[in-house]
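Heads up: the structure comes next, in structure tokens.
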Amino acid sequence: MTPGRRSSTFTRLLRHGFTDASAAERLLDSAELAAVRDDPVLLDALGATADPDLALHGLVRLLEAQPGPTARRELLDTLIAAKPLRDRLLGVLGASAALADHLARHPRDWEALVTYEPRDLHPGVAEFERGLAEAVDPVSLRVAYRRCLLSIAARDVCGTTDVAQTAAELADLATATLRAALALAEAAAPGDAAACRLAVIAMGKCGGHELNYVSDVDVIFVGEALGAPPGPSGTGGGADESKALRSATKLASHMMRICSETTVEGSIWPVDANLRPEGRNGPLVRTLSSHLAYYQRWAKTWEFQALLKARPVAGDLDLGQEYVDALEPMVWKAAERDNFVADVQKMRRRVVENIPAAEIDRELKLGPGGLRDVEFAVQLLQLVHGRTDLTLRSGTTLDALQALAAGGYVGRADAVQLDDAYRFLRSMEHRIQLYRLRRTHLVPEDDADLRRLGRSLGLRAEPVTELIREWKQHTGVVRRLHEKLFYRPLLDAFAQLAPGEARLSAEAARERLVALGYADPAAALRHLEALASGVTRKAAIQRTLLPVLLGWFADSADPDAGLLNFRKVSDALGKTPWYLRLLRDEGAAAENLARVLSAGRLAPDLLMRAPEAVALLGDGDGGGLEPRGRAQLEQEILAAAGRADNAEDGVRAARGVRRRELFRTAAADIVDSYGTETKPAEADQGALVDRVGGAVSDLTAATLAGTLRAVVRGGWGDTLPTRFAVIGMGRFGGHELGYGSDADVLFVHEPQEGVAEREAADAANKVVAEMRRLLQVPSADPPLLIDADLRPEGKSGPLVRTLKSYEAYYRRWSLVWESQALLRAEPVAGDEELGRRFIELVDPLRYPAEGLGEDAVREIRRLKARMESERLPRGADPKLHTKLGPGGLSDVEWTVQLLQLRHGWAEPGLRTTRTRQALAAAQAAGLLGTEEAAILDEAWVLATRVRNAVMLVRGRAADTFPSESRELAAVGRYLGYGDGHAGDMLDAYRRTARRARAVVEELFYGA
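First residue of the sequence shown? That's 1 in this note's numbering, and the numbers climb one at a time after it.
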């Protein structure tokens, strides 16, 4: 051979798919293959395998392991002469290093692949039982098991069986293996075998006839005493039930060890009994009556879902069938349980959340768009509709999917796509496990492994690239379809279906909506018909959007309200070209809208008054839910007021901006609190409170500034006879306004030079009166109530005072409660210089030199105690009153304000109008401990969140939790509690408030 040139054999090997042609040449030159090394049949057959290098290496090892030259010659002759054997043997060797190891240890087992009779193509349990019949101990059982597995793998890699048939054969082999293992356990303990009846119930993939190559085999054991009467009411019939259960437990445990323990021949697979009642903490074996008692009283939704696949496979099959028959009615009533759909979906989410971040993108089974998504979606539909349609009661995923499509419960096109995706993903899973016979669901990262995997699935041109592309395509299909699968047929009930398509019946649609949590399924169906019927482009887009929207509505506490509100918005904007395009094309908009429309009354009410605000929910440059700053808001409102022809129009424009921005703030709060599919809920509750408080306070200040500008321009032109400022008080001054808060203010004025006191006062009072009137005029925009009751002399005093009048009053008559109220004073609108001078005036009052005297401290404590006893509404539960109850807002705020009054003169950090900032400053100054500060902060934040939630849900302010169950659930959902956990929410509030009250008793009352 000319130096530098490769041999023709080397080139041929590369062309046949070998990656290490040099090593392959050496193997072909070995003595074992000398007789056939130039036979083109062999090279072609090796090149057709998933991994020609692996297949050739395995073949050489198998030949070396043969007992002598005659045996080697027999193998080679058969290999070259018999194409079925050649394809099977080399196919297995090229796909499974583990089975190549088995053949090297048991060199005559290749003969199991020679038979090619029709009955050999699809063996069942009986054939596998014959294959295992000679096993006399755990070691020989493993050898016989691998020999049977070898034949299954050979049919699989050659395409003789498809993925569903392969999975069924693996389940049948598992059934035969469990029977053989139980027989060995009974032979080892004949006394125990004679003392009891024991049934082995297959669960999971084994029960569903869809097992993997390497998977835990899930089982449940049922035991009875011999002689116990048949049926669930049996109590042992006088036999010693305890003794029988002990014997059955010994047999079951031994059977599990026979299958699971590692021997010189490895293990078969783990037998997992953790799906039994009480899981690992429950007895391994129970009587039938004990099983029934558990499922009747204690079982969770997922346990009934698991029973979909229950199937008696070993031991006393009559007892096993009694078990299945007794539990079956309960399985098909599971969909009637409260929060059924939410429970199933929550369990699915929990599975995804527990996947390590580094593995989630490679997880075939549990990851988003994986096998479990298909299985959960199918099982959900089975449980809802299988109550009345017996054709759906199959434990096998693909069979159930086909039945769902035939019955119209799933669209045929969706079913075909899911079937294709599921088969591809299961094939990937099978081939990944087959290589090393290890339990894994992770797609490999190594190129060589990906190449073998791709070639094993028939992808030969660019196996790695094609594999990744097809895998991502199929997972994308599953992710897109698995949730909408539940909702799409609800719309097809009103659409014009293609010939052959089955329609979801009205009763089936009603069942499905009830399972989703809709209280009025008839009304929901009417809304769906109105939205999705017809052949218009609008109806077509709605049919695309609604399956996903219905899922998001169902994730709320009030799906009915979400769907009704969506219909109202769609009716209002249906002819607007951008509306449906926004929902269809902008990823965030549709989900944000669904969350907002189903979270309560406030946000939808704000939206209905100006539906075009839907545009804010998009993620494009023109929308967005980020709150706008005060300067930006003031600029817009002042400009609008300046363009108006009169005060009414100017204030109307200001209120319109306020309505839109309230909607923006509420929508952002809901979305951040609920989370979305791409962004988890905000974990920092304090940040949510601060965001709402700051946004609403800035908006209120800007609205007052615009209203003041409009009123002044309407009555006096550009110059008012008196300088005028608005001072924010209470929550307004503290930047802590909620959705339902009034604006607590003081009004201060100072006559312009040369203007008489009376003229100035009259002008200032007219401004205040007109501002209050215009901000409360009935209109489509929510009113803004101005509360000036914190002014000197309260309701008896004048609404507006000059700065000198304030100074005279505070010097002579100021009470300690007024000093406390002034801690929150901050200019919010009007003349900035006048506002600044007002603050300079009141600073000595709210931060008195050397702090409060003891008499003043006692007075504040007395006022607080009187307020607690007199102001709490009659009939209210004090422990759940967020404002006046123990550990509520008042407790925390008065405690913080007392610290400010006593120490603000010496600690600059305490000179703030904001509760949380003052609390943090007090902790930093050592005035209270870190734990005490954290307890007070948590209680204040939680109480504020509850008040915001109640306003969002009910559309009106309240200081207590709602009593109506749906409203209470909606408050819980906003606070992060799932369906059915309202009680946990109330307990958590009481606990948080109780801890805060203990701190208040110590710090405020000095207890």
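C-beta atoms are modelled at their ideal positions from N, C-alpha and C, and glycine is treated no differently.
Quick caveat, the model's predicted, so the values are computed rather than measured.
Less than 6 Å between C-beta atoms, sequence neighbours within five positions excluded: which residues of the same chain meet that for E634?
Taking C-beta separations shorter than 6 Å and ignoring five residues to either side along the sequence, the partners of E634 in its chain run A702, A705, following chain order.
Keeping to the same chain, check which residues put their C-beta closer than 6 Å to that of D20; ignore five residues upstream and five downstream.
D53
Take Y579 and list the residues in its own chain whose beta-carbon comes closer than 6 Å to its own, dropping the five residues that flank it on each side.
Answer for Y579: L573, listed in chain order.
Nearest to A949 by alpha carbon, out of T882, M256, A906, F1004?
Per the Cα distances, T882.
I'd like to confirm the pairing. Which residues does DSSP put opposite E826 in its beta bridges?
According to DSSP, E826 bridges with G728.
Okay, do the stretch 869-881 and the stretch 928-935 touch, 3+ Cβ pairs below 8 Å being the bar?
no
Would you check if there are 3 or more beta carbon pairs closer than 8 Å linking the stretch 726-740 to the stretch 687-697?
Contact check between the stretch 726-740 and the stretch 687-697: three or more CB pairs, one atom from each, fall below 8 Å, which counts as touching.
Rounded C-beta distance between L898 and L910? I'm assuming under 8 Å.
With a Cβ gap of about 11 Å, L898 and L910 do not count as contacting.
Starting from G694, trace the alpha helix (DSSP H) both ways and give me its first and last residue.
G694 -> alpha helix (DSSP H) spans 685-716.
Counting only runs that start and end within the stretch 855-933, where is the alpha helix (DSSP H) found for 4 or more residues in a row?
889-903, 915-924
Can you tell me whether R286 is helix, strand or coil according to DSSP?
Annotated three-state conformation of R286 is strand, per DSSP.
Would DSSP call T960 helix, strand or coil?
Residue state, collapsed to three classes: strand.
Since V324 and W269 should fall inside the 8 Å C-beta cutoff, what is the C-beta to C-beta distance between them, to a whole number of angstroms?
That pair is no contact at about 23 Å.
Just how far apart, CA to CA, sit H749 and E967?
Using only the alpha carbons, I get a separation of about 45 Å.
Counting Cβ pairs closer than 8 Å, one from the stretch 885-892 and one from the stretch 799-818, do we hit at least three?
no
When you compare the CB positions of G223 and T301, do they come within less than 8 Å of one another, or not?
One thing to note: G223 has its Cβ no nearer than 8 Å to the Cβ of T301.
Pick out whichever of L319, G395, V217, L528 has its Cα sitting closest to the Cα of C196.
Cα-wise, what sits closest to C196 is L319.
Would you call V41 buried or exposed, if buried means 16 or more other Cβ atoms sit within 10 Å of its Cβ?
V41 counts as exposed, since fewer than 16 other beta carbons sit within 10 angstroms of its beta carbon.
What whole-angstrom Cβ distance do A993 and A939 have, given they're in contact under 8 Å?
6 Å
I'd like the ranges of any beta strand (DSSP E) spanning at least 3 consecutive residues and lying wholly in the stretch 616-677.
none
Restricting to runs no shorter than 4 residues, where is the alpha helix (DSSP H) found entirely within the stretch 786-819?
803-812
Classify L317 as buried or exposed, calling it buried when 16 or more other Cβ atoms lie within 10 Å of its own Cβ.
exposed
For a test of the three-state rule: what should DSSP assign to R723, helix, strand or coil?
Looking at R723 - three-state DSSP - the assignment turns out to be strand.
Apart from the five residues just before and just after L76, which ones in its own chain have a Cβ nearer than 7 Å to its Cβ?
So the list reads A35, V36, once near-sequence residues are dropped.
In its own chain, which residues sit with a C-beta less than 6 Å from the C-beta of A181, not counting the 5 before and 5 after it?
M255, I258, C259
Given this structure, state the Cα-to-Cα distance separating L211 from A168, to the nearest angstrom.
7 Å
Measuring CB to CB, does A825 end up less than 8 Å from I839?
Yes, the Cβ-Cβ distance between A825 and I839 is below 8 Å.
Checking the sheet assignment: what are the DSSP bridge partners for G983?
In DSSP, G983 forms no bridge with anything.
For the pair the stretch 434-445 and the stretch 354-369, tell me if three or more CB-CB distances fall below 8 Å.
yes
Can you confirm whether the stretch 102-114 touches the stretch 457-472 when touching is taken to mean that 3 or more C-beta pairs between the two stretches lie within less than 8 Å?
no
Using 8 Å as the cut-off, can you tell me whether the stretch 606-618 makes contact with the stretch 775-782, which would need three or more C-beta pairs spanning the two stretches below that distance?
Yes, since at least three Cβ pairs between the stretch 606-618 and the stretch 775-782 fall closer than 8 Å, the two stretches touch.
Which of the three DSSP states, helix, strand or coil, is assigned to T388?
The answer is coil: DSSP assigns T388 none of H, G, I, E or B.
Just confirm the distance between the C-beta atoms of G386 and L392, as a whole number of angstroms; I'd bet it's less than 8 Å.
Contact holds; Cβ gap of about 4 Å.
R1016 to D343, Cα distance in whole Å?
Within the shown structure, residues of the chain are numbered from 1 to 1007, placing residue 1016 beyond reach of any answer.
Looking at I670 and L952, is the spacing between their C-beta atoms short of 8 Å?
Yes. Within cutoff.
Who are R311's beta bridge partners in DSSP?
A202
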